[in-house]
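Asks: This is the structure I have questions about; it appears just below.
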Amino acid sequence: MKTVQELYNERYDRIKKAMNMEKPDRIPIVLLGPGLIKYGDPNAVMADFVRRPLWAIDTVAKAYQELPDIDGGSVQNGGAFFGAFWLCKVKQPGIDLPDDAIWQLEEVGYMTEEDYDTIVDKGWAYVTNDILYNRIGYTPEQLAPNMEEMTYAANKAKEIGLVNTQGGGMVIPPYETLTAARSISKFMRDLHRMPDKVLAAMDVMEKEAEDSLRQAMKAVPGLTHFHGNSRAGGDFISKKMFEKFDWPYFKRLADIIIEEGEGAKVFFHVDANWDERLTYFLDFPKATTIFDPDSLTNIFKIKEILGDNMCITGDVPPAMISLGTPDEVYKYVRRLCEEIGPTGFIMSTGCSIPPNPRPENLKVIVDATIGR
Amino acid sequence: MSKKLVDVMGDLNEDEVIAEVKALKEQNVPALEIIADLQAGMGIVGKRFEEREYFLSELIMSAEIFNEASKLIGGDAGSGAASKYGTFVMGTIYDDIHDIGKNIVTTVMSSNGFNVIDLGVDVPTAKYIEAIKQYKPKVIGISCLLTTAFDNIKECIATLEKEGLRRDIKVLIGGGPVDEATCKYVGADHVCRNAQETVEYSKKYMGV
Ligand code: B12
Numbered sequence: 000m001k002t003v004q005e006l007y008n009e010r011y012d013r014i015k016k017a018m019n020m021e022k023p024d025r026i027p028i029v030l031l032g033p034g035l036i037k038y039g040d041p042n043a044v045m046a047d048f049v050r051r052p053l054w055a056i057d058t059v060a061k062a063y064q065e066l067p068d069i070d071g072g073s074v075q076n077g078g079a080f081f082g083a084f085w086l087c088k089v090k091q092p093g094i095d096l097p098d099d100a101i102w103q104l105e106e107v108g109y110m111t112e113e114d115y116d117t118i119v120d121k122g123w124a125y126v127t128n129d130i131l132y133n134r135i136g137y138t139p140e141q142l143a144p145n146m147e148e149m150t151y152a153a154n155k156a157k158e159i160g161l162v163n164t165q166g167g168g169m170v171i172p173p174y175e176t177l178t179a180a181r182s183i184s185k186f187m188r189d190l191h192r193m194p195d196k197v198l199a200a201m202d203v204m205e206k207e208a209e210d211s212l213r214q215a216m217k218a219v220p221g222l223t224h225f226h227g228n229s230r231a232g233g234d235f236i237s238k239k240m241f242e243k244f245d246w247p248y249f250k251r252l253a254d255i256i257i258e259e260g261e262g263a264k265v266f267f268h269v270d271a272n273w274d275e276r277l278t279y280f281l282d283f284p285k286a287t288t289i290f291d292p293d294s295l296t297n298i299f300k301i302k303e304i305l306g307d308n309m310c311i312t313g314d315v316p317p318a319m320i321s322l323g324t325p326d327e328v329y330k331y332v333r334r335l336c337e338e339i340g341p342t343g344f345i346m347s348t349g350c351s352i353p354p355n356p357r358p359e360n361l362k363v364i365v366d367a368t369i370g371r
Numbered sequence: 000m001s002k003k004l005v006d007v008m009g010d011l012n013e014d015e016v017i018a019e020v021k022a023l024k025e026q027n028v029p030a031l032e033i034i035a036d037l038q039a040g041m042g043i044v045g046k047r048f049e050e051r052e053y054f055l056s057e058l059i060m061s062a063e064i065f066n067e068a069s070k071l072i073g074g075d076a077g078s079g080a081a082s083k084y085g086t087f088v089m090g091t092i093y094d095d096i097h098d099i100g101k102n103i104v105t106t107v108m109s110s111n112g113f114n115v116i117d118l119g120v121d122v123p124t125a126k127y128i129e130a131i132k133q134y135k136p137k138v139i140g141i142s143c144l145l146t147t148a149f150d151n152i153k154e155c156i157a158t159l160e161k162e163g164l165r166r167d168i169k170v171l172i173g174g175g176p177v178d179e180a181t182c183k184y185v186g187a188d189h190v191c192r193n194a195q196e197t198v199e200y201s202k203k204y205m206g207v
């Protein structure tokens, strides 16, 4: 029998090889998301993450133990934290929503047009705090990280030998932050009406993001640091606007992870459809980045364009996990293994496991990857 | 018809649209005629969207300019004179409060000449039924961004069927995770990937 440490090392090596574009002994599997809790206990509901977070951590850990071929993931669920990240109010399951609903954001757009100037004058941190504490009305306690929960989760992951692939760095480009802060419709109008104001604010925001990224990478090193983008994709804005408002900032932040992340890869979490924006990602040196689509970018096209350059992870679609038959899931997973793998590929879902998976479909993802 | 208004609307030239609408109003051009020009401009926007010259950002901007211009002539884009096509009822299904996508679709539909009834988010089946009875739409839209709400759409459409309300209307669904398989599962007629597709589909179905 392997010790937990040996198991952990084996998993870690497998994931690391895939990220380095070398050939692992088999395709690594990294799965995470709120729906995993249902595999640990079919009666669990989303409100359990809020009402009894430690029990939820145990139950997610149980799911990983029952699916021991999963190499990496997370026993904790981000949940309400995204509210602050997205500068929104959050509705929680069991409090404002039914027990088994996923937490949801109210994207109101608390930031005003005048705030573009305030960002330049007083900084982005100033405006962020004003939005969070004065306009939305969060208290600092509400937004402070829950150390008890984090420590408990870290210990639990250690206990079961689960690899957490994410380091502490977590950024999104100013464009993405502003789509949330202003809300997307208002922001799209700003891009047309006051492009110079927007760019001036973005310059300030990017500098501040650089600083907090550096600190977070130092505080918690890891295999990867998260860098997300969704609403700059091909359905939202033209290439011309993309090159003006998003890509330069996005690239600079990625370069900082590559240059200063001590070997950690940039984990590009790229939601929505990026089919027509893929060639931009050829700018990065080989095996320094990872492409993580949410199932809306054509993963086979990603392979064709970026397959020699970076590791790809994905992308069983959430709708397929909830509604698909095990047979459909099996076929899709095999196709991924054969066409995207076996080198430079990590089996995963598109974005995350939805709150209502067909539990057998999770087992099928694992079995099909292993070739059972 | 003012070719200039049609063109500047199509080019999303906000200042010129406003100036031209004001000028036409001063010349006593009837509101309906001005609206018709604006809508012809929206037609250009739609075409450019399909040719991938315009994107979601331009669609949103076009609806914004259209609304502003119609306010100048006392019209509200979604109602009365402006809506030459049929009625479109739309909401986000219950247990889901995503409104961004829904709002874009309703705004773009109303600035393209549809009479839009927006039911809001977290919409229970009973509210759809009530709206269908009251407004007799030819097309309804259900938005959904969460896989957990798929069963709610299914229930809603099944109930419409039971109530005998399904026969004469087309049910469109849309939102991030919704795909063809979802469409079949919930018993809808068509998935729309974006607001412009909703306009095109509804125009076709309503015989415009
Ligand atoms: C930005 C985003 C977020 C933001 C929040 C945005 C918000 N205001 O809620 C953040 C990062 C915080 C986030 C968090 C989460 N998200 Co999210 N998110 C997205 C993302 C990338 C884009 C959504 C968006 O902004 N769309 C922009 C608008 C304009 O698009 P739209 O709403 O789809 O509408 C357009 C069309 O779809 C269409 N349309 C829409 N409705 C209708 C209706 C009709 C009738 C018609 C005709 C057309 C139509 O027209 C619109 C205009 O073109 C999507 C992926 C995607 N591609 O959709 C995932 C996605 C919605 N998220 C998802 C998930 C899972 C989550 C989380 C649960 C993650 C987690 N594990 O915690 C949380 C939940 C919290 C929440 N959503 O409130 C899943 C949902 C699927 C599922 N599993 O149920 C998606 C689909 C990603 C994925 N592939 O897994 N998310």
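Protein chains in written order, with numbering that gives the first Met the number 0: chain U, 0 to 371; chain Z, 0 to 207.
Quick reminder that beta carbons are idealized off the backbone N, C-alpha and C, glycines included.
Quick caveat: nothing in here was measured; it's all calculated off a predicted structure.
Check whether the Cβ of residue 56/U sits closer than 7 Å to any heavy atom of ligand 1, and report yes or no.
Replies: no
Asks: Give the interface partners of residue 100/U over in chain Z, defined as CB-CB distance under 7 Å, in chain order.
Replies: 94 and 147
Asks: Three or more beta-carbon pairs under 8 Å between the stretch 79-93 of chain U and the stretch 135-150 of chain U, yes or no?
Replies: yes
Asks: What is the DSSP secondary structure of residue 78/Z, counted as helix, strand or coil?
Replies: Its pLDDT being 48, under 50, residue 78/Z is placed unreliably by the model, and nothing is read from it.
Asks: Output the distance between the C-alpha atoms of residue 287/U and residue 14/Z, rounded to the nearest integer angstrom.
Replies: A direct Cα-Cα distance of roughly 46 Å separates residue 287/U from residue 14/Z.
Asks: I'd like to confirm something about residue 256/U: is its beta-carbon nearer than 7 Å to some heavy atom of ligand 1, or not?
Replies: no
Asks: Which stretch, first to last residue, makes up the beta strand (DSSP E) that contains residue 90/Z?
Replies: 86-91
Asks: May I ask you to list, following chain order, the residues of the stretch 99-112 of chain Z that have a beta carbon less than 7 Å from some beta carbon of chain U?
Replies: 99, 102 and 103
Asks: Which of the three DSSP states, helix, strand or coil, is assigned to residue 311/U?
Replies: strand
Asks: If you drop the 5 nearest sequence neighbours on each side, which residues of the same chain put their C-beta closer than 6 Å to that of residue 231/U?
Replies: 174, 241 and 245
Asks: Buried or exposed for residue 22/Z, please, with buried defined as at least 16 other CB atoms from any protein chain shown within 10 angstroms of its CB.
Replies: exposed
Asks: Could you tell me the boundaries of the beta strand (DSSP E) in which residue 116/Z lies?
Replies: 114-117
Asks: Find the nearest neighbour of residue 91/Z within the set 105/Z, 43/Z, 169/Z and 159/Z, judged by alpha-carbon distance.
Replies: 105/Z
Asks: Where do the N-terminal and C-terminal ends of the alpha helix (DSSP H) with residue 48/U fall, by residue?
Replies: 47-50
Asks: By Cβ distance, which residues of its chain are closer than 6 Å to residue 38/Z, with the 5 residues on each side in sequence left out?
Replies: Cβ neighbours of residue 38/Z beyond the five flanking positions: 112.
Asks: Assign residue 32/U to one of two classes, buried (16 or more other C-beta atoms within 10 Å of its C-beta) or exposed (fewer than that).
Replies: buried
Asks: Just the Cα atoms here: how many angstroms apart are residue 79/Z and residue 340/U?
Replies: For residue 79/Z, the predicted structure reports a pLDDT of 48, less than 50, and the residue's modelled location is therefore unreliable. A value from the coordinates is still provided. Rounded to whole angstroms, residue 79/Z to residue 340/U spans 57 Å at the Cα level.
Asks: Tell me whether residue 165/Z, by its Cβ, gets closer than 7 Å to a heavy atom of ligand 1.
Replies: no
Asks: Pick helix, strand or coil for residue 346/U, following the three-state DSSP scheme.
Replies: strand
Asks: Can you tell me whether DSSP reads residue 40/Z as helix, strand or coil?
Replies: helix
Asks: Alpha carbon to alpha carbon, how far is residue 276/U from residue 373/U? Give it in angstroms, no decimals.
Replies: No information on residue 373/U is available, as it lies outside the stretch 0 to 371 that chain U covers here.
Asks: Is residue 133/U helix, strand or coil by DSSP?
Replies: helix
Asks: Taking 8 Å as the CB-CB limit, is residue 211/Z close to chain U?
Replies: Past the boundaries of the shown model lies residue 211/Z; chain Z is included only from 0 to 207, so the question cannot be answered.
Asks: If distances are taken between C-alpha atoms only, which option among 51/U, 71/U and 56/U comes closest to residue 345/U?
Replies: 71/U
Asks: For the beta strand (DSSP E) that contains residue 169/U, what are its first and last residues?
Replies: 165-170
Asks: Taking its Cβ as the centre, do 16 or more other Cβ atoms sit within 10 Å of residue 77/Z, making it buried, or is it exposed?
Replies: Summary for residue 77/Z: the model assigns pLDDT 47, below 50, so the residue's position carries little reliability; its value from the coordinates is reported in the next sentence. Under this definition residue 77/Z is a buried residue.
Asks: Shorter than 7 Å, the distance from the beta carbon of residue 230/U to the closest heavy atom of ligand 1, or not?
Replies: Set against 7 Å, the gap from the CB of residue 230/U to the closest heavy atom of ligand 1 is smaller.
Asks: Would you call the CB atoms of residue 368/U and residue 289/U closer than 8 Å?
Replies: no
Asks: Name the two residues that bound the continuous alpha helix (DSSP H) containing residue 12/U.
Replies: 3-18
Asks: Quick check on the DSSP output: the beta strand (DSSP E) that includes residue 171/Z runs from which residue to which?
Replies: 169-173
Asks: Step through the CB atoms of chain Z and report whether any lies within less than 8 Å of the CB of residue 188/U.
Replies: yes
Asks: Any Cβ of chain Z within less than 8 Å of the Cβ of residue 88/U?
Replies: Not one chain Z Cβ lies under 8 Å of residue 88/U.
Asks: Could you check the C-alpha separation between residue 93/U and residue 193/U for me, to the nearest Å?
Replies: 41 Å
Asks: Taking the beta carbon of residue 292/U as the centre, do at least 16 other beta carbons fall within 10 Å, making it buried, or is it exposed?
Replies: With 16 or more Cβ atoms within 10 Å of its Cβ, residue 292/U is classed as buried.
Asks: For residue 190/Z, name the three-state secondary structure that DSSP assigns.
Replies: strand
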